[in-house]
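The block underneath contains the structure these notes are about, expressed in structure tokens.
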Amino acid sequence: MSFTRGATLTTAATFGHADTSNLGPTAGNGFYKRWPDDLALLQELGITDIRLTFDWARLQPKPGNFDGDWSDRFEQMIAAADAIGLRVWATLHDGAEPRWVTNEGGIYDDTVSEKWWPRFAERVADRFGDSIAGWIPFTAIDSQFSASAWRNTWTTLGGGPVQVVAALDAERLDSVSDYLGSSDIIGIALEYGEDTDSEPDDERLDQIRVRLHDTIGVAAEAAADQQLIVSEFTPNHHDADVSGQLVASFVNAATGAIDDGIDLGVVFLNPAISGPDSPNGLLSAERAPQPTSEAFLPAAI
66 MSFTRGATLT TAATFGHADT SNLGPTAGNG FYKRWPDDLA LLQELGITDI RLTFDWARLQ
126 PKPGNFDGDW SDRFEQMIAA ADAIGLRVWA TLHDGAEPRW VTNEGGIYDD TVSEKWWPRF
186 AERVADRFGD SIAGWIPFTA IDSQFSASAW RNTWTTLGGG PVQVVAALDA ERLDSVSDYL
246 GSSDIIGIAL EYGEDTDSEP DDERLDQIRV RLHDTIGVAA EAAADQQLIV SEFTPNHHDA
306 DVSGQLVASF VNAATGAIDD GIDLGVVFLN PAISGPDSPN GLLSAERAPQ PTSEAFLPAA
366 I
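In case it helps, the working numbering puts the sequence shown at residues 66 to 366.
Structure (structure tokens):
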């Protein structure tokens with residue numbers, strides 16, 4: 066028994082943040098033009114699931130209807146992924162938002178979470194919901210989100226045939242119980258959160274493995290009978306070889322958790338393809354397989 070291999074396609078790494086984003090404009094990694102080949106490359110590596118962000122700033126650059134060109138483009142991406150057996154999990158917010166939303170108070174503001182956010186989620190669900198494998202609305206629900214943000218997310222997306230993931234930072238596992246009645250799956254967002262320039266030795270790598278294994282165990286216990294997934298693991302290191310070692314430690318931790326009887330479902334490595342300022346991906350910005358690929362997908366190289 067193992068886990069399903071997935072990878073993330075975030076706004077920051079793929080398209081970069083748009084002019085209309087509160088974090089933009091920034092450069093992406095060329096996915097805008099290369100996405101058909103990029104999806105095929107990921108499938109050839111052995112990835113079966115992708116977590117794709119439906120960028121709010123591009124889809125709804127101003128209040129009102131969706132941008133038709135971007136709606137069509139995302140629809141084409143989903144269709145192309147489906148044609149080669151890639152399942153698409155939809156993320157709606159991975160840190161950025163339209164600048165007009167920020168001017169209204171931002172995603173943490175009750176007015177936004179009560180009015181604008183559920184309208185956006187409903188629009189995405191109406192347009193793309195029949196074609197996706199799952200909802201991971203937020204990459205990680207942090208402590209700043211109001212209760213209404215998730216309540217309105219669940220009211221809008223929950224109860225249908227597509228399962229909804231409540232993804233939480235590893236530091237918020239004491240809050241898992243708050244989401245058991247308003248989600249289908251619990252997700253845990255993990256990362257290497259230490260010095261990004263350090264080079265951990267074998268002893269330190271094993272300590273990292275133990276910490277990750279124990280964190281997965283705590284999350285599984287908190288999730289009780291609910292399915293658990295890893296909504297992202299981010300190696301978060303500047304050096305490609307060290308990133309590969311960190312991913313290997315994570316894979317060993319996840320495998321150990323499964324050996325303990327935990328059904329881990331799908332695991333998403335973050336990011337799939339390196340961006341200008343992102344951690345090392347499975348593929349470099351030049352689309353060359355990285356050490357993370359060999360560690361995450363042993364048959365990839």
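Yeah, the Cβ is synthetic: ideal placement off N, Cα and C, and Gly gets one too. Quick caveat, the model's predicted, so the values are computed rather than measured.
For residue i, collect the residues of the same chain with a Cβ closer than 6 Å to its Cβ; drop the 5 residues on either side in sequence, then sort them by chain order.
| i | result |
| --- | --- |
| glycine 346 | Pro336, Ala337, Ile338 and Ser339 |
| tryptophan 219 | Ser247 |
| glutamine 108 | Ile149 and Leu151 |
Cα-Cα, which of the options is closest to residue i?
| i | options | result |
| --- | --- | --- |
| aspartate 249 | Glu256, Leu293 and Gly282 | Leu293 |
| leucine 106 | Tyr173, Leu348 and Phe361 | Leu348 |
| phenylalanine 298 | Glu187, Ser308 and Asp290 | Ser308 |
| proline 90 | His82, Phe96 and Thr280 | His82 |
| aspartate 325 | Val283, Asp134 and Ala212 | Val283 |
| phenylalanine 80 | Phe68, Asp120, Gln108 and Arg70 | Asp120 |
| arginine 188 | Ser136, Asp271 and Asp84 | Ser136 |
| aspartate 271 | Val332, Asp260, Phe333 and Val316 | Val316 |
| arginine 99 | Arg138, Arg123, Asp267 and Pro126 | Arg138 |
| alanine 122 | Trp181, Glu256 and Pro363 | Trp181 |
| glutamine 209 | Asn301, Tyr173 and Phe333 | Tyr173 |
What's the C-alpha gap between residue i and residue j?
| i | j | result |
| --- | --- | --- |
| valine 166 | isoleucine 197 | 26 Å |
| valine 295 | glutamate 140 | 25 Å |
| arginine 116 | alanine 254 | 13 Å |
| arginine 352 | proline 344 | 14 Å |
| aspartate 102 | serine 211 | 39 Å |
| threonine 280 | glycine 133 | 42 Å |
| aspartate 243 | tryptophan 215 | 10 Å |
| threonine 75 | proline 356 | 20 Å |
| proline 23 | glycine 150 | Here the chain has residues from 66 to 366 only, and residue 23 is not among them. |
| serine 67 | threonine 320 | 7 Å |
| aspartate 195 | isoleucine 323 | 31 Å |
| leucine 311 | asparagine 130 | 43 Å |
| alanine 350 | glycine 225 | 37 Å |
| glycine 171 | proline 183 | 13 Å |
| alanine 72 | leucine 362 | 11 Å |
| aspartate 290 | isoleucine 251 | 10 Å |
| aspartate 159 | glutamate 268 | 33 Å |
| arginine 29 | histidine 278 | The structure shown does not extend to residue 29, since the chain is modelled only from 66 through 366, so no value can be given for it. |
| alanine 161 | valine 332 | 23 Å |
| glutamate 259 | proline 300 | 10 Å |
Who are the near neighbours of residue i in its chain, counting only those whose CB is closer than 7 Å to its CB and skipping five residues on each side?
| i | result |
| --- | --- |
| alanine 365 | Here the model assigns alanine 365 a pLDDT of 48, short of 50, so the residue's position is not dependable, and the following value carries that caveat. Contacts found: Leu110, Gly111, Pro354, Ser358 and Glu359. |
| alanine 313 | Ala360 |
| proline 128 | Trp165 |
| tyrosine 97 | Phe80 |
| aspartate 262 | His303 |
Can you give me the start and stop residues for the alpha helix (DSSP H) that residue i sits inside?
| i | result |
| --- | --- |
| alanine 313 | 305-324 |
| serine 343 | Element bounds for serine 343: n/a, residue is neither H nor E. |
| alanine 77 | Element bounds for alanine 77: n/a, residue is neither H nor E. |
| leucine 107 | 96-110 |
| glycine 160 | Taken as a continuous stretch (DSSP letters only), glycine 160 belongs to no alpha helix (DSSP H), as it is neither H nor E. |
| glutamine 141 | 133-148 |
| aspartate 191 | 182-193 |
| valine 275 | 267-288 |
| threonine 220 | 212-222 |
| alanine 122 | 121-124 |
| valine 241 | Per DSSP, valine 241 belongs to no alpha helix (DSSP H) and is neither H nor E. |
For a cutoff of 7 Å on Cβ pairs, would you count residue i as touching chain C?
| i | result |
| --- | --- |
| aspartate 174 | Among the chains in the structure shown there is no chain C, since it carries only a single protein chain. |
For the beta strand (DSSP E) that contains residue i, what are its first and last residues?
| i | result |
| --- | --- |
| aspartate 260 | Note, aspartate 260: premise wrong, no beta strand (DSSP E); not H, not E. |
| alanine 198 | From DSSP, alanine 198 is part of no beta strand (DSSP E); its letter is neither H nor E. |
| threonine 118 | 114-118 |
| glutamate 297 | 292-299 |
| alanine 360 | Element bounds for alanine 360: not the beta strand (DSSP E) but the alpha helix (DSSP H), 356-361. |
| valine 230 | 228-234 |
| valine 331 | 331-334 |
Which whole-angstrom value describes the C-beta separation of residue i and residue j, a residue pair presumed to lie in contact below a C-beta threshold of 8 Å?
| i | j | result |
| --- | --- | --- |
| isoleucine 201 | alanine 155 | 7 Å |
| isoleucine 206 | alanine 232 | 6 Å |
| threonine 221 | proline 163 | Wrong, their Cβ atoms sit about 18 Å apart, outside the cutoff. |
| threonine 118 | glycine 330 | 20 Å between Cβ atoms; not a contact. |
| valine 241 | alanine 288 | 6 Å |
| proline 341 | asparagine 87 | Not a contact, Cβ separation roughly 18 Å. |
| arginine 274 | alanine 305 | The Cβ separation is near 20 Å, so there is no contact. |
To which residues of the same chain is residue i closer than 8 Å at the C-beta, ignoring the five residues directly before and after it?
| i | result |
| --- | --- |
| alanine 186 | Leu157, Pro202, Asn217, Thr218, Thr221 and Leu222 |
| leucine 387 | Residue coverage of the chain in this structure runs from 66 to 366, which leaves residue 387 outside it and unanswerable. |
| glutamate 179 | Ser213 and Asn217 |
| leucine 238 | Ile253, Thr280, Val283, Ala284 and Ala287 |
| glutamine 125 | Phe131, Asp132, Pro163, Phe185 and Arg188 |
| threonine 176 | Glu169 and Gly170 |
| isoleucine 327 | Ile281, Gly282, Ala285 and Leu293 |
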